[in-house]
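Reviewing the structure listed below.
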Amino acid sequence: MNARNGARPGRRYAHVIGWGSYAPSQVLTNADLERMVDTSDEWIVSRTGIRERRVAAAHETTASMAAVASLRAIRTAGVEPTDIDVILLATLTPDYWMPSTAALVKEAIGNTKAAAMDVAAACSGFVYAYATAQAYITSGMATNVLVIGAETLTRFLDYSDRNTCILFGDGAGAVVLGASEKPGGGLGIELTTEPEGAYMIWLPAGGAKRPPSLESVARGEHYVRMEGKETYRFATRTLASTALTAVEHAGLNASDIDLFIPHQANIRIIEAVAKGLSLPMERMFVNLDKYGNTSAASVPIALAEAVNQGRVAVGDRIVIVAFGAGFTSGAVAIEWTADPARGRAGEAAVQPEDVHVRLPVDWDSVDPIPEALAAVLGRPVAPGVEVPLDDVVPGEPEHASRKTEVGV
1286 MNARNGARPG
1296 RRYAHVIGWG
1306 SYAPSQVLTN
1316 ADLERMVDTS
1326 DEWIVSRTGI
1336 RERRVAAAHE
1346 TTASMAAVAS
1356 LRAIRTAGVE
1366 PTDIDVILLA
1376 TLTPDYWMPS
1386 TAALVKEAIG
1396 NTKAAAMDVA
1406 AACSGFVYAY
1416 ATAQAYITSG
1426 MATNVLVIGA
1436 ETLTRFLDYS
1446 DRNTCILFGD
1456 GAGAVVLGAS
1466 EKPGGGLGIE
1476 LTTEPEGAYM
1486 IWLPAGGAKR
1496 PPSLESVARG
1506 EHYVRMEGKE
1516 TYRFATRTLA
1526 STALTAVEHA
1536 GLNASDIDLF
1546 IPHQANIRII
1556 EAVAKGLSLP
1566 MERMFVNLDK
1576 YGNTSAASVP
1586 IALAEAVNQG
1596 RVAVGDRIVI
1606 VAFGAGFTSG
1616 AVAIEWTADP
1626 ARGRAGEAAV
1636 QPEDVHVRLP
1646 VDWDSVDPIP
1656 EALAAVLGRP
1666 VAPGVEVPLD
1676 DVVPGEPEHA
1686 SRKTEVGV
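Start counting at 1 in the sequence shown, then tack on 1285, and there's your number in the numbering used here.
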């Protein structure tokens, strides 16, 4: 799928008018992981570029983190929550299979009118949601659209598999797209799906094909699985081509782009993208060393940080680009038109304690953090959480019937 956004009289354009992000305060370092699994800081950094990642607290969820990032984006945009017409939330770690996490966020931010839905495209989810939001605006169906990427991946990891547990972290990011007759905003879009890679990154159980059972839990089928080498090949082949196609749809060349904001999966992949586009690494924004791979939250967190750090100015042309399970990929070329100085005020204006996500009546509060992770972080552990620390030893876990290589 592709889209071009040439200037035409009377046309509506979709501009980023607000942005925000949220990262949990708890940090999981590579040194922490050394205590859990057969790995080292040098091994992780050399293969991924990741030095630490964030872990959601027991009371935090995908919805609560998304709500904080959303309110920060709304505050930065200078609009009210009730001005939002559509809420699109990209995630592969929803609070529940139903209702949608977007519905929970709608209530938490105080919106009363928006259509709210989740978008499932794994690590490409935010870019897919952004493209959908732009379509809502340019078609005249919406004036303000809230686009969110949020994940709590640390609750779906096997902490005895060093090839996956080192990669992922938690967090959320959001933007508000607003309608304008002024040219700019989204200039070109490219979205792809290559289903031959569907089982290269996946979570085997929990869906209709293999519902949850004692057997699926015992086999470790509720953890993320990944074929690292195949995923790496896809990412290095696809990210640059997807980004370049979006740039071409905008009528531009790669050299016209001031900053690329890629999915923060692996520093080697980002370096390969820069090489594929014949650009220096200085044109690539990188923050994965601090957050790891936050899947659908990766791009909006990086976008907000890039703007707030002064890496983006009014009139700059930027590209957001991602790849993910499916295999999916997506890119949007954007002309930036918002004052970057608004971002820091928006971030400071909303704190996590300002947000409340309503729970079901009589809901029992159980710490969702895996026991192995909680022990390393020095947290008290509630009973019934699934991964005993005694079972976390160097080497391949007993339940694992596959080998995984670090690729993303």
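All C-beta atoms, glycine included, are put in the ideal place defined by N, C-alpha and C.
Quick one: using the 10 Å Cβ neighbour count with 16 as the cut-off for buried, is residue i buried or exposed?
i     : result
T1527 : buried
S1695 : Because the chain is modelled from 1286 through 1693, residue 1695 falls outside the range shown and cannot be assessed.
T1378 : buried
G1600 : exposed
W1382 : exposed
V1677 : Confidence is the limiting factor: at V1677 the pLDDT is only 35, short of 50, which leaves the residue's position unreliable and the question unanswerable from this model.
G1669 : At G1669 the pLDDT is 37, less than 50, meaning the model places this residue with poor confidence and gives no usable figure here.
Q1419 : buried
L1588 : buried
R1447 : buried
H1300 : buried
Y1298 : buried
L1524 : buried
P1496 : exposed
G1305 : buried
L1658 : buried
P1712 : The structure shown does not extend to residue 1712, since the chain is modelled only from 1286 through 1693, so no value can be given for it.
A1633 : exposed
G1245 : Given that the chain is displayed from residue 1286 to residue 1693, the structure contains no residue 1245 and the question cannot be resolved.
G1473 : buried
Y1484 : exposed
S1583 : buried
G1595 : exposed
E1512 : buried
Can you tell me the Cα-Cα spacing of residue i and residue j, whole angstroms?
i     : j     : result
I1372 : P1366 : 11 Å
T1397 : K1560 : 47 Å
L1537 : A1342 : 43 Å
E1533 : R1602 : 13 Å
T1386 : D1624 : 30 Å
I1394 : V1509 : 30 Å
E1337 : T1314 : 4 Å
H1237 : L1564 : Residue 1237 cannot be examined here, being either before or after the span of the chain that is shown, 1286 to 1693.
I1486 : T1347 : 20 Å
G1482 : A1607 : 15 Å
V1635 : V1353 : 7 Å
L1452 : N1578 : 6 Å
R1627 : P1468 : 21 Å
M1569 : F1545 : 5 Å
A1618 : V1597 : 14 Å
V1571 : Q1549 : 7 Å
E1515 : T1622 : 38 Å
T1695 : G1663 : Coverage of the chain is limited to positions 1286 through 1693, which leaves residue 1695 absent and any answer about it impossible.
P1653 : R1296 : 48 Å
N1593 : E1506 : 39 Å
A1493 : L1499 : 15 Å
Could you name the residues of the same chain whose beta carbon sits closer than 7 Å to that of residue i, not counting the 5 residues immediately before and after it, in chain order?
i     : result
L1476 : M1286, Y1413, A1416, G1615
L1529 : A1539, L1562
E1345 : P1309
N1543 : It should be noted that the sequence gives Asp, not Asn, for residue 1543. D1601, R1602, I1603.
A1375 : V1404, A1406, G1410, F1411, Y1413, A1414, I1433, G1434, A1581
A1399 : I1369, D1370, V1371, I1372, K1391
D1380 : T1346, T1347, A1348, T1386, L1389
S1325 : E1319
Which partner residues of residue i appear in the DSSP bridge assignment?
i     : result
T1437 : D1455
A1401 : I1372
W1382 : None, per the DSSP bridge assignment.
Excluding sequence positions up to five away, which residues of its chain have a Cβ less than 8 Å from the Cβ of residue i?
i     : result
E1671 : For E1671, the pLDDT reaches just 40, beneath the cut-off of 50, and the residue's location in the model is therefore unreliable, although a value from the coordinates is still provided. These residues qualify, in order along the chain: V1502, P1655, E1656.
V1364 : I1302, G1303, N1429, V1461, G1463
E1392 : V1642, R1643
P1480 : G1611, F1612
V1558 : T1521, L1524, A1525, A1528, F1545, P1547, M1569, V1606
D1317 : V1661, L1662
For residue i, collect the residues of the same chain with a Cβ closer than 6 Å to its Cβ; drop the 5 residues on either side in sequence, then sort them by chain order.
i     : result
Y1421 : V1371, A1427, V1430
T1439 : V1340, D1455
S1310 : none
A1401 : I1372, A1387, A1388, K1391
G1631 : G1305, R1357, R1360, T1361
Practice task
Mind the definition here: the segment 1331-1342 touches the segment 1407-1424 only if three or more C-beta pairs lie below 8 Å; say whether that holds.
Solution key: no
Query raised in the report: Between the segment 1445-1460 and the segment 1348-1362, are three or more C-beta pairs nearer than 8 Å?
Result: yes
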